[in-house]
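UniProt numbering puts the first residue of the sequence shown at 1, with every later residue one more than the last.
Quick notes on the structure that follows.
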Amino acid sequence: TSKQEIPRIGGKIHFPGEMMSSRIETGAPCNDATICETVPTYPKDLIKNALRARKHEFNYLDKVEASIELDLRVGPASDYETLCETVEDVIFPKAAKNVKNEWLYVVNIDGMKDEDESFRQGFRIERC
């Protein structure tokens, strides 16, 4: 099989062929969220091809940094109470909103065919 070269224009990856809509359809479960784990229109094949073409630029993916304990409260712990018990988790969403409230795809590809590598970006969250 021959690998198709993905053209690069000005440092960006250009996908020839059929144009994709820039609108990301996240679906009802993500309407009130800022990150979304399941996106029906996720362009998995396009992302895989882009990663293969520029693999060396994405070596930092699939590493989850150690948890940093931040205390945002002032005063002794006895002066506050939590609203709910929380559970810390790491999720690997397919889309997230930026500061402009626009949905963007997040690179999260599990084990690509014929390769042992994954390209994943984890988000550390706390759930009530």
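Every residue gets a Cβ at the ideal spot worked out from N, C-alpha and C, and that includes glycine.
Predicted model only: the values in this text are computed from it and were never measured.
Report yes if the C-beta distance between residue i and residue j is below 8 Å; otherwise report no.
i     : j      : result
ASP89 : ARG127 : yes
ILE47 : ALA96  : no
GLU37 : PRO93  : yes
Between which two residues does the alpha helix (DSSP H) carrying residue i extend?
i     : result
ARG52 : 44–53
Going straight from the alpha carbon of residue i to that of residue j, what length do you get?
i      : j      : result
LYS44  : ALA33  : 22 Å
VAL106 : ARG52  : 16 Å
ASN108 : SER118 : 8 Å
ALA28  : LEU83  : 26 Å
From what residue to what residue does the beta strand (DSSP E) around residue i run?
i      : result
PHE119 : Premise fails: PHE119 is in no beta strand (DSSP E) and is neither H nor E.
LYS97  : 95–97
LEU104 : 103–105
GLU88  : 87–91
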